[in-house]
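J.: For the record, the sequence lines run as chains A and B. If you're matching positions, the first sequence starts at 1 in the UniProt record's numbering and goes up one per residue. If you're matching positions, the second sequence starts at 1 in the UniProt record's numbering and goes up one per residue. We put the CB at the ideal spot given by N, CA and C, even for glycine. Just so it is clear, the structure is predicted and the values come from calculations on it, not from any experiment.
2 protein chains.
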Amino acid sequence: MKPGKLHLISTGTQTPEQLADTIERIHPEIDFIHLREKAKTAKEVYEIVELLINKGVPSSKIIINDRADVACTTNVRGVHLAFHSLPVEIVKQTFKNLTVGCSVHSLEEAQIAEQQGADYVIFGHIYSTQSKPGLIPKGLEQLNFISQSISIPVIAVGGIKPTNSSDVIRAGAQGIAVMSGILEAKNPLKAVQQYRSYLSESYDA
Amino acid sequence: MKPGKLHLISTGTQTPEQLADTIERIHPEIDFIHLREKAKTAKEVYEIVELLINKGVPSSKIIINDRADVACTTNVRGVHLAFHSLPVEIVKQTFKNLTVGCSVHSLEEAQIAEQQGADYVIFGHIYSTQSKPGLIPKGLEQLNFISQSISIPVIAVGGIKPTNSSDVIRAGAQGIAVMSGILEAKNPLKAVQQYRSYLSESYDA
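1. Using DSSP with H/G/I as helix, E/B as strand and the rest coil, what is H27 of chain B?
2. Which residues in chain B sit within 9 Å of L52 of chain A, going by Cβ to Cβ distance?
3. What is the DSSP secondary structure of L183 of chain A, counted as helix, strand or coil?
4. Keeping to the same chain, check which residues put their C-beta closer than 6 Å to that of A110 of chain A; ignore five residues upstream and five downstream.
5. Thinking C-alpha only, which one of B:G134, B:S200 and B:K132 is nearest T163 of chain B?
6. By DSSP, does N65 of chain B sit in helix, in strand, or in coil?
7. Have a look at I64 of chain B and T99 of chain B and give me their C-alpha separation to the nearest angstrom.
8. For L52 of chain B, which of helix, strand or coil comes out of DSSP?
9. Tell me whether Y127 of chain B sits in a helix, a strand or coil according to DSSP, three-state version.
10. Report yes if the CB atom of L52 of chain B is closer than 8 Å to the CB atom of I30 of chain B, and no otherwise.
11. For F83 of chain A, count neighbouring Cβ atoms within 10 angstroms of its own Cβ and tell me buried if that reaches 16, exposed if not.
12. Within 8 Å (strictly less), CB to CB, does Y105 of chain B reach chain A?
13. Per DSSP, S103 of chain B forms a beta bridge with which residues?
14. Is there at least one Cβ from chain B nearer than 8 Å to C102 of chain A's Cβ?
15. How big is the Cα-Cα spacing for K40 of chain A and A173 of chain B?
16. Compare the C-alpha of I152 of chain A against each of A:G101, A:M179, A:L140 and A:K186 and name the closest.
17. Do A171 of chain A and D66 of chain B have their C-beta atoms within less than 8 Å of each other?
18. Taking only three categories from DSSP, how would you classify residue 209 of chain B?
19. Keeping to the same chain, check which residues put their C-beta closer than 6 Å to that of V76 of chain B; ignore five residues upstream and five downstream.
20. So if DSSP puts V178 of chain B in a beta bridge, which residue, or which two residues, is it bridged to?
21. Pairing CB atoms from the stretch 179 to 192 of chain A with CB atoms from the stretch 8 to 26 of chain A, are three or more of them under 8 Å?
22. So which residues of chain A does V91 of chain B contact, with C-beta pairs closer than 8 Å?
23. Drop a sphere of 10 angstroms on the beta-carbon of R36 of chain B, count the other beta-carbons inside from all chains shown, and report buried for 16 or more, exposed for fewer.
24. For a contact defined as C-beta to C-beta under 8 Å, what are the partners of H84 of chain A on chain B?
25. Find the residues of chain B that neighbour T94 of chain A, judging by a C-beta separation of less than 7 Å, and give them in chain order.
26. Taking the alpha-carbon positions, what's the D57 of chain B to G78 of chain B distance?
27. Give the DSSP bridge partners of F32 of chain A, in chain order.
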């Protein structure tokens with residue numbers, strides 16, 4: 001089993017400067033950085049990418065939520081699509097240089113994403129999380145079922161703590177995606193190192 | 001003097017079906033159709049374009065507000081950028097097949113847009129309009145000044161009625177952009193024909 005990948009997803013609540021300062025400190029330990037700034041304009045997200053690049057964050061780690069145009073003009077790694085975004089297959093056809101991911105919440109959605117050419121899916125939420133109050137979590141069994149049913153990487157999201165991240169990888173996920181667990185931690189670098197430590201535990205297992 | 005071009009800008013208040021039904025009836029008399037649906041998602045705008053194409057509206061007339069990715073994936077004419085959008089020069093470099101326009105409100109902004117490679121600008125608002133309450137209109141003198149100061153087409157917007165559209169063309173605009181004057185008219189086709197009639201008056205003058 002490979003060590004799990006660590007995806008960081010921005011929370012949309014930090015200023016560009018706060019976000020860039022934090023990412024500057026932690027990016028060497030992160031595999032992919034998703035800018036998910038739904039309330040920000042294209043220009044603002046463009047400027048955040050510029051900030052990150054100027055701070056030495058590799059563009060090959062940056063993934064833009066929803067806006068393929070911002071991803072394409074900034075020459076970053078990819079775009080992450082949601083149910084309200086352009087269709088995966090259309091984005092794949094048009095933007096051949098972009099890695100294209102997709103959020104899914106069921107086996108059916110995951111299979112459609114795979115058929116349409118998605119490079120990976122993010123599946124969740126796995127555990128109860130404040131950001132999805134009142135919604136029943138999918139749990140490790142569904143994660144395991146979906147991971148076995150499709151051949152593209154499944155990244156698990158939702159309520160994942162350092163201590164359960166190795167369980168998630170053992171259940172079939174190729175990585176985990178974390179938002180507040182890192183960005184709202186008192187010490188984001190320490191939080192990242194804790195996630196990393198448990199993610200490599202699954203490797204040793 | 002050439003006859004002025006007629007740009008239609010969607011108001012964002014109609015359902016996709018209402019908008020598509022109206023445009024189906026009037027598009028032969030319209031030069032450019034701007035989809036400016038700020039509250040709609042990328043997928044929703046994508047679906048409106050599909051609706052229009054299915055109703056026989058030429059893709060060469062369709063311009064998407066802000067979202068270069070939606071314009072690019074739907075293979076329409078172009079994208080129209082605002083102050084909150086990606087920079088004009090970046091969009092021009094990345095999306096070479098798109099016509100790229102830009103909203104401007106001063107001579108300085110118009111000159112920057114031209115330098116950055118914009119194919120046209122929309123300048124306004126020319127007359128008082130309900131959609132810009134309390135803001136002083138720019139008027140025909142500023143329109144004239146800007147039209148003479150840049151060499152790309154200036155399209156005038158804001159409070160333009162059929163009866164004053166020929167004045168706007170005589171003041172140097174290459175066209176007018178209309179929202180509610182057509183889409184909220186009792187009879188949109190009749191409104192379009194009235195605009196057309198006055199726009200060709202400026203041609204005869």
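T.: So, from the listed chains and residues:
1. helix
2. Neighbours of L52 of chain A on chain B: none; closest Cβ ~16 Å, over 9 Å.
3. helix
4. V104, V121, I146 and I150
5. B:S200
6. strand
7. 10 Å
8. If DSSP states are grouped into helix, strand and coil, L52 of chain B belongs with the helices.
9. In this structure, Y127 of chain B counts as coil in the three-state DSSP scheme.
10. no
11. exposed
12. First, the amino acid is wrong: residue 105 of chain B is His here, not Tyr. With 8 Å as the cut-off, H105 of chain B does not count as an interface residue toward chain A.
13. B:I122
14. no
15. 33 Å
16. A:G101
17. no
18. Given that chain B is displayed from residue 1 to residue 205, the structure contains no residue 209 of chain B and the question cannot be resolved.
19. Correct list, in chain order: S59 and I62.
20. For V178 of chain B, which the question treats as bridged, DSSP gives the partners B:L8.
21. yes
22. D69 and T73
23. buried
24. T41, A42, K43 and E44
25. C72 and T73
26. Reading the sequence as shown, one finds Val at residue 57 of chain B and not Asp. C-alpha separation (whole angstroms): 15 Å.
27. A:H7
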